[in-house]
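Q: After the structure tokens below, expect a handful of questions from me.
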Amino acid sequence: MKKIFVILSLLFFVWRYIIPAFLAKEPNKALAPEKYEEEPVNNVPESDEAPKNEVVEKVKEEGLVNINEASLDELLLITGVGQDLAEKILACKEEVGSFKGEKDLLQVKGIGEKKLEQMSGSFTL
């Protein structure tokens, strides 16, 4: 009786998940249909800030990113800085004020000695 249950369970699994996966036009659509049915959400508000390509060009012309004057997009161009860390830098800058030296960046949660060393050479104050 136990063997019959295992065989039926296996057949159900193959019928429910494996066969539709092979028949689906898009890979894994049968396994995760909710991924393909939702519209992508763009939560980035339209703003009067320079588009990212212009920001990149501006930084390339100037050479280094000035952390005290940088926008979120400009901070993302610093080596080792991602979205989360860039937001933390901006929040700390608003809270504490402008950074006077590189060691002041250690106040930002997520920046330690190693991260600061990784970032150095990509920014100015």
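So the number in my numbering is just where the residue sits in the sequence shown, counting from 1, plus 3. For every residue, glycine included, the Cβ atom is placed at its ideal position computed from N, Cα and C. Model, not experiment: these values are computed from the prediction.
From what residue to what residue does the alpha helix (DSSP H) around V9 run?
A: Taken as a continuous stretch (DSSP letters only), the alpha helix (DSSP H) holding V9 covers 5–16.
Q: Just how far apart, CA to CA, sit M4 and G83?
A: Approximately 59 Å, taken between the alpha carbons.
Q: Determine which residues share a DSSP beta bridge with S127 and list them.
A: For clarity, residue 127 is Thr in the given sequence; the question names Ser instead. According to DSSP, T127 bridges with N69.
Q: Buried or exposed for L75, going by 16 or more other Cβ atoms inside 10 Å?
A: So L75 counts as exposed.
Q: Just the Cα atoms here: how many angstroms apart are R19 and L11?
A: Each residue's Cα considered, the two are about 12 Å apart.
Q: Could you spell out the range, first to last residue, of the alpha helix (DSSP H) harbouring E77?
A: Element bounds for E77: 75–78.
Q: Along the chain, where does the alpha helix (DSSP H) containing K96 start, and where does it finish?
A: 86–99 is the extent of the alpha helix (DSSP H) around K96.
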